[in-house]
Amino acid sequence: MLPLCSRVLLSHPFSPMSLMALREQLNMLVNSMYIEGLLDQQFQQLQMLQDASSPGFVAEVINLFCEDAERILTELTKLVDQAVVDFQKVDAYVHQLKGSSSSVGAQNVKLACIQFRQFCEENNKDGCLNALNVVKHHYYLLRNKFDTMLQLEQRIQAYDSKQQN
Amino acid sequence: MAVAAEEAQFHVLAVDDSLIDRKLIERLLKTSSSCQVTTVDSGSKALQMLGLREDEESTSPVPADKNKIEVNLVVTDYCMPGMTGYDLLKKIKGSSSLKNIPVVIMSSENVPSRTTRCLEGGAEEFFLKPIKLSDMTRLTPYLPKGKLKEQQRESSNDNNYSNQSKDFCLRRQGQDSPVIA
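Sequence lines, in order, name chains A and B.
Following our numbering, the residues of the first sequence are numbered contiguously, the last one being 240.
Following our numbering, the residues of the second sequence are numbered contiguously, the last one being 825.
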């Protein structure tokens with residue numbers, strides 16, 4: 076159930092949307108992410124920490140999270156591909172990703188990491204291979220929505236500064 | 645020792661190997677109180693900042709160290725490669741010059757024996773990650789009087805929708821309860 080807003084938004088890049096409409100799009104997108112389990116209450120904490128003195132906080136954290144996650148996923152792909160898997164090393168990376176996804180409120184990614192760690196504990200290579208794919212699936216889904224979210228936020232903030240000039 | 649002309653700002657040293665968690669704790673602390681925050685990514689660096697050498701005997705006097713900074717509160721992650729938060733705690737509490745600095749430990753794992761161990765080791769507080777704004781109120785006893793801004797800030801956010809141009813997202817209706825299908 077893809078939220079309507081992300082389809083509508085990207086099909087008309089040049090039509091000027093009102094500030095209110097942009098905000099509503101953003102609101103709908105974020106709400107749908109909560110409903111679909113992509114985000115949990117911890118993301119609300121990030122939203123609450125953004126204010127006039129730190130207007131780019133959420134974007135900064137999202138970008139850091141994505142960079143970090145992709146670095147970890149690259150490492151994990153190599154590690155799980157080995158003939159003999161170093162489960163401790165794999166677990167250490169998954170633990171990191173679990174931690175950062177938990178801190179930013181990336182719920183589905185976090186839950187997938189928890190499952191992944193189970194397979195590490197059991198030294199189950201096939202389980203790990205599967206689990207890695209699940210984590211990637213949830214991560215890339217989330218990243219796409221984060222991209223839309225940040226684009227919307229940029230447009231809202233640009234609109235605001237245009238209005239002020 | 646010369647006395648500082650102006651009152652030094654309350655200084656928190658935050659220790660965590662995760663960059664995201666360092667960003668988060670820094671923002672949480674700065675939002676909740678007017679303090680200076682320094683973040684480091686390891687227990688060894690924390691010790692360096694505190695002017696303590698890793699291999700130093702806890703009872704020997706701390707040599708004058710130009711790198712030493714004044715720290716009023718240490719917030720540290722438990723699980724770190726190399727020196728754990730617990731090791732750091734023991735070093736601080738075992739040092740005659742540093743033992744009075746409150747140490748707060750954060751951990752992503754809810755292991756009761758770990759919590760007990762840290763509290764018994766002298767930690768003033770133990771937080772479960774992910775850390776939230778409301779957790780900052782538990783730091784009130786260790787922050788200077790009148791420095792906790794969070795409660796005032798939260799209540800003003802609830803009422804203030806006019807500053808939307810600077811807000812990331814509109815608050816959802818019934819903002820305290822998550823929308824879960």
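Positions of the beta carbon are idealized from the N, C-alpha and C atoms, including for glycine.
This one's a predicted model, so the numbers in the text were calculated from it and none came from an experiment.
- Please confirm if residue 664/B has its CB atom under 8 Å from at least one CB of chain A. The residue given as residue 664/B occupies position 20 in the second sequence. Yes, residue 664/B lies at the interface with chain A (some Cβ there is under 8 Å from its Cβ).
- Message: Please report the straight-line C-alpha distance between residue 224/A and residue 218/A, rounded to a whole angstrom.
- Response: In the first sequence, residue 224/A corresponds to position 149, counting from 1. In the first sequence, residue 218/A corresponds to position 143, counting from 1. Cα to Cα, the separation comes out at about 10 Å.
- Do you know how far the Cα of residue 101/A is from the Cα of residue 228/A? Sequence index remark: in the first sequence, residue 228/A carries index 153 (1-based). Sequence index remark: in the first sequence, residue 101/A carries index 26 (1-based). If I take the Cα positions, the gap works out to 7 Å.
- Could you name the residues of the same chain whose beta carbon sits closer than 7 Å to that of residue 672/B, not counting the 5 residues immediately before and after it, in chain order? Locating residue 672/B in the second sequence gives position 28, where the first residue counts as 1. These residues qualify, in order along the chain: 775, 777, 780.
- Item | Within chain A, the residues that residue 675/B reaches when beta carbons sit closer than 9 Å | By one-based count along the second sequence, residue 675/B stands at place 31. Simply 123, 124, 126, 128, 129.
- Contact check, residue 151/A vs residue 160/A, beta carbons under 8 Å: Position 76 of the first sequence, counted from the start, is the residue given in the question as residue 151/A. Position 85 of the first sequence, counted from the start, is the residue given in the question as residue 160/A. No, the pair does not count as a contact, with Cβ atoms beyond the cut-off.
- Residues from the segment 133-152 of chain A in contact with chain B, defined by Cβ distance under 8 Å: Taking 8 Å as the Cβ-Cβ cut-off, the segment 133-152 of chain A approaches chain B at 133, 135, 136, 139, 140, 143, given in chain order.
- Which residues, in order along the segment 767-786 of chain B, keep a beta-carbon less than 7 Å from a beta-carbon of chain A? Within the segment 767-786 of chain B, 773, 774, 776, 777 place their CB atoms closer than 7 Å to a CB of chain A, listed in sequence order.
- Query: In this structure, does DSSP put residue 715/B in helix, strand or coil?
  - Reply: Locating residue 715/B in the second sequence gives position 71, counting from the first residue. Coil.
- Under 8 Å by beta carbon: chain A residues contacting residue 671/B: In the second sequence, counting from the first residue as 1, residue 671/B sits at position 27. Residues of chain A passing the Cβ test: 124, 129, 132.
- Message: Three Cβ pairs or more, each shorter than 8 Å: is that satisfied between the segment 93-108 of chain A and the segment 165-174 of chain A?
- Response: Below 8 Å, too few C-beta pairs join the segment 93-108 of chain A and the segment 165-174 of chain A to call them touching: fewer than three.
- Item | Option in 676/B, 685/B, 713/B with minimal Cα separation from residue 693/B | The count along the second sequence starts at 1 and reaches residue 693/B at position 49. Distance from the Cα of residue 693/B is smallest, within the candidate group 676/B, 685/B, 713/B, for 713/B.
- I think residue 141/A touches residue 221/A, with their Cβ atoms under 8 Å apart; what is that distance to the nearest whole Å? As a working mapping, residue 141/A is identified with position 66 in the first sequence. As a working mapping, residue 221/A is identified with position 146 in the first sequence. The Cβ separation is near 7 Å, so the contact holds.
- Query: So, is residue 207/A buried or exposed, given that buried needs 16 or more other C-beta atoms within 10 angstroms?
  - Reply: Stepping through the first sequence from its first residue, residue 207/A is reached at position 132. So residue 207/A ends up on the buried side.
- Query: If we ignore side chains and look at the alpha-carbon of each, how far apart do residue 131/A and residue 750/B end up?
  - Reply: Residue mapping note: residue 131/A aligns to position 56 of the first sequence, counting from 1. Residue mapping note: residue 750/B aligns to position 106 of the second sequence, counting from 1. When rounded, the separation of the alpha-carbon atoms in residue 131/A and residue 750/B is 25 Å.
- Any contact of the segment 743-761 of chain B with the segment 672-684 of chain B, i.e. 3+ C-beta pairs under 8 Å? The segment 743-761 of chain B vs the segment 672-684 of chain B: no contact.
- Item | Proximity test, Cβ basis, 8 Å: residue 751/B and chain A | As a first step, residue 751/B must be located in the second sequence, where it is residue number 107. Cβ-Cβ to chain A under 8 Å: no for residue 751/B.
- Item | Beta carbon proximity, residue 202/A to chain B, threshold 8 Å | Locating residue 202/A in the first sequence gives position 127, counting from the first residue. Interface with chain B (8 Å Cβ-Cβ cutoff): residue 202/A is excluded.
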